[in-house]
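**Student:** At the far end of the first sequence sits residue 417, using the numbering used here, and the numbering has no gaps.
Glycine included, C-beta positions come from ideal geometry on N, C-alpha and C.
Sharing a structure here in structure tokens format.
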Amino acid sequence: MPELPEVETIRMGLSELLPGRVVRAVTHDNPKSFPNAPADVNVFLIGAEVVGVQRRAKVLLIELSSKYSLVIHLKMTGQLVFVSADTRFGAGHPNDSLIHALPDKSTRVEFTFTDGSRLFFNDQRKFGWVRLLPTAEVPNIDFMRKVGPEPLDASFTAGEFAERLMRRKNTSIKAAILDQTVLAGIGNIYADESLWGAKIHPATLVKNVSRQKISSLFTEIQYVLNLSIQKGGSSDKNYVNAEGKRGSYLSFARVFRREGQPCPRCGTTIVKLRVAGRGTHICPKEQKVVQK
DNA sequence: CACTTGACCTGTCCGC
DNA sequence: TGCGGACAGGTCAAGT
């Protein structure tokens with residue numbers, strides 16, 4: 126669901142759509158989805174102009190002229206969909222990519238801008254959240270202090286990757302790369318895809334993965350993340366971009382959700398198992414658990 | 001401290 | 001057809 130490529134796709138969309146717009150009104154249906162005090166919202170959100178949109182790990186940051194920022198985590202089923210003032214929902218209209226009208230029953234927060242356009246935070250399962258924080262304090266929240274480096278930053282090296290992995294040397298390699306404090310942005314889809322690319326069994330203990338395989342995994346992680354950003358991310362059920370459109374990475378996926386189909390490299394039937402408490406997809410011939 | 005499991009939610013699918 | 005249970009998977013709290 127929303128992992129680094131999906132959140133990055135939304136960020137790119139929103140950074141074209143939001144800057145310059147001024148918030149006129151905010152409504153929310155669920156305190157958990159937007160736990161801020163109403164007083165803060167009235168003073169620092171209403172009337173503020175969007176300055177820019179950033180991403181860190183799987184978190185979106187919408188920076189406001191009030192020196193506050195909206196910090197948004199989509200968790201599993203979150204969506205951020207922008208709708209212009211003249212949008213008509215449904216097939217046959219110029220902007221008919223949205224399947225149904227918004228707000229819908231999953232809408233948790235609705236932002237209305239002064240020009241009549243709107244931004245919807247939809248979240249079926251209510252795991253995601255929106256917070257309003259002083260921009261200067263964002264780096265100090267727990268999540269930001271603990272989260273690891275961005276895998277697509279030019280400064281992130283295979284050496285640093287290996288070093289950070291070794292903090293989790295007695296756990297499975299899959300659990301380690303899903304750990305956001307090791308590196309940022311990997312979720313279940315890109316974990317399986319990159320481990321297949323590097324021919325590593327997800328249950329292999331980190332300490333038993335060779336240096337060469339770790340280096341290969343580093344390359345594969347960057348490859349699958351970049352490819353997915355190119356394809357607009359992975360849409361399973363819920364994910365859509367800032368314009369309500371789906372991404373197409375899953376039609377290029379090699380193992381994820383492809384149990385019963387042939388491995389694209391060797392033709393062996395892909396199997397699904399459970400590793401680190403998650404559904405996990407592998408080629409059983411090419412990905413073997415290594416023990417030392 | 002290192003690591004694993006369960007909880008948080010809602011919707012869908014599968015077997016009986 | 002209805003109904004219970006498993007499953008989906010990001011993160012944090014609680015347990016071993």
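1. Using a threshold of 7 Å, is the CB atom of residue 364 nearer than that to any non-hydrogen atom of the ligand MN?
2. Is it true that the stretch 319–330 meets the stretch 352–359, where meeting means three or more beta-carbon pairs spaced less than 8 Å apart?
3. Which runs of the alpha helix (DSSP H) spanning at least 4 residues fall entirely within the stretch 162–203, listed in chain order?
4. Which word fits residue 148, buried or exposed, when buried means at least 16 other C-beta atoms lie within 10 angstroms of its C-beta?
5. Classify residue 288 as buried or exposed, calling it buried when 16 or more other Cβ atoms lie within 10 Å of its own Cβ.
6. How far does the beta strand (DSSP E) with residue 407 in it reach, from first residue to last?
7. In or out: residue 183 buried (at least 16 other Cβ within 10 Å) or exposed?
8. Considering only the alpha carbon of each residue, which of 205, 397, 369 and 416 lies closest to residue 313?
9. Here's the rule I'm using: 16 or more other beta-carbon atoms within 10 Å means buried, otherwise exposed. How should residue 309 be labelled?
10. Excluding sequence positions up to five away, which residues of its chain have a Cβ less than 6 Å from the Cβ of residue 139?
11. Does DSSP put residue 140 in a helix, a strand or coil?
12. Please go through the stretch 353–407 and give each complete alpha helix (DSSP H) segment of 4 or more residues, from N-terminal end onward.
13. Jot down the residue ranges of each uninterrupted beta strand (DSSP E) in the stretch 210–291, minimum 3 residues, whole runs only, in chain order.
14. For residue 344, which residues does DSSP report across the bridge?
15. Looking at residue 377 and residue 352, is the spacing between their C-beta atoms short of 8 Å?
16. Can you tell which of 399, 404 and 379 has its C-alpha closest to the C-alpha of residue 411?
17. What residues in its chain sit with their C-beta under 8 Å from that of residue 301, if we drop five residues either side in the sequence?
18. Look at the Cβ atom of residue 372, then the Cβ atom of residue 133, and state whether they are nearer than 8 Å.
19. Whole angstroms is fine: what's the gap from residue 258's alpha carbon to residue 196's?
20. Under a three-way DSSP split, which group does residue 334 fall into?
21. Quick one: what's got a C-beta closer than 6 Å to residue 242's C-beta in the same chain, skipping five residues either side?
22. For the alpha helix (DSSP H) that contains residue 328, what are its first and last residues?
23. With a cut-off of 8 Å on the beta carbons, I'd call residue 175 and residue 146 a contact; round off their distance for me.
24. Just to confirm, are residue 158 and residue 234 a CB contact at a threshold of 8 Å?
25. Kindly indicate which three-state DSSP category residue 158 falls into: helix, strand or coil?
26. How would you call residue 385, buried or exposed, if buried means at least 16 neighbouring beta carbons within 10 angstroms?
27. Going by CA-CA distance only, name the one from 327, 355, 339 and 156 that's closest to residue 399.
28. Just to confirm, is the Cβ distance from residue 136 to residue 202 under 8 Å?
29. Could you pull the start and end residues of the alpha helix (DSSP H) that residue 316 belongs to?
**Tutor:** The short version:
1. As presented, the structure is devoid of all ligands, the ligand MN included, so that no description of it is given.
2. no
3. Listed in chain order, they are 163–169.
4. On the first sequence, residue 148 is found 23 positions in, with the first residue counted as 1. Its Cβ being crowded by 16 or more others within 10 Å, residue 148 is buried.
5. The sequence position of residue 288 within the first sequence is 163, counting from 1. Result: exposed.
6. Taking the first sequence and counting its residues from 1, one reaches residue 407 at position 282. 403–407 is the span of the beta strand (DSSP E), which, as asked, contains residue 407.
7. Position 58 of the first sequence, counting from 1, holds the residue named residue 183. Residue 183 comes out buried.
8. Numbered from its first residue, the first sequence carries residue 313 at position 188. Minimum Cα distance to residue 313 is reached at 397.
9. The residue given as residue 309 occupies position 184 in the first sequence. With 16 or more Cβ atoms within 10 Å of its Cβ, residue 309 is classed as buried.
10. As a position in the first sequence, residue 139 is number 14, starting the count at 1. Taken in chain order, the residues that qualify are 178 and 367.
11. Within the first sequence, numbered from 1, the residue matching residue 140 stands at position 15. In the structure shown, residue 140 sits in a helix (DSSP, three-state: H, G or I).
12. The stretch 353–407 contains no whole alpha helix (DSSP H) run of 4 or more residues.
13. Taking only runs of at least 3 residues, the beta strand (DSSP E) segments lying wholly in the stretch 210–291 are 232–238, 243–248 and 254–259.
14. The residue given as residue 344 occupies position 219 in the first sequence. According to DSSP, which records beta bridges pairwise, residue 344 is partnered with nothing at all.
15. As a working mapping, residue 352 is identified with position 227 in the first sequence. As a working mapping, residue 377 is identified with position 252 in the first sequence. For residue 352 and residue 377, yes; Cβs fall inside 8 Å.
16. Numbered from 1 along the first sequence, position 286 holds the residue referred to as residue 411. Nearest of 399, 404 and 379 to residue 411, Cα basis: 379.
17. As a position in the first sequence, residue 301 is number 176, starting the count at 1. Closer than 8 Å at Cβ, skipping near neighbours: 290, 293, 307 and 331.
18. For the purposes of this step, residue 372 is taken as residue 247 along the first sequence, with counting starting at 1. For the purposes of this step, residue 133 is taken as residue 8 along the first sequence, with counting starting at 1. Taking 8 Å as the Cβ cut-off, residue 372 and residue 133 do not qualify as a contacting pair.
19. By 1-based counting over the first sequence, the position of residue 258 is 133. By 1-based counting over the first sequence, the position of residue 196 is 71. For residue 258 and residue 196, the distance between alpha carbons rounds to 7 Å.
20. For the purposes of this step, residue 334 is identified with residue 209 of the first sequence, where counting begins at 1. It is coil, neither helix nor strand.
21. As a working mapping, residue 242 is identified with position 117 in the first sequence. If we look at residue 242 and ignore the five residues flanking it on each side, its Cβ neighbours are 209 and 210.
22. Counting from 1 along the first sequence, the entry for residue 328 is found at position 203. No residue range can be given for residue 328, since it is assigned to no alpha helix (DSSP H) and is classified by DSSP as neither H nor E.
23. Numbered from 1 along the first sequence, position 50 holds the residue referred to as residue 175. Numbered from 1 along the first sequence, position 21 holds the residue referred to as residue 146. Correct: roughly 5 Å between the Cβ atoms.
24. Along the first sequence, read from residue 1 onward, the residue named residue 158 stands at position 33. Along the first sequence, read from residue 1 onward, the residue named residue 234 stands at position 109. In this structure, residue 158 lies near residue 234, with their beta-carbon atoms less than 8 Å apart.
25. Within the first sequence, numbered from 1, the residue matching residue 158 stands at position 33. Correct three-state label for residue 158: coil.
26. Here residue 385 refers to the residue found at position 260 of the first sequence. Flag for residue 385 reads exposed.
27. Looking up residue 399 in the first sequence gives position 274. Minimum Cα distance to residue 399 is reached at 327.
28. Looking up residue 136 in the first sequence gives position 11. Looking up residue 202 in the first sequence gives position 77. Against a cut-off of 8 Å, the Cβ pair of residue 202 and residue 136 comes out as no contact.
29. For the purposes of this step, residue 316 is identified with residue 191 of the first sequence, where counting begins at 1. It spans 313–322 - the alpha helix (DSSP H) in which residue 316 sits, taken as one unbroken run.
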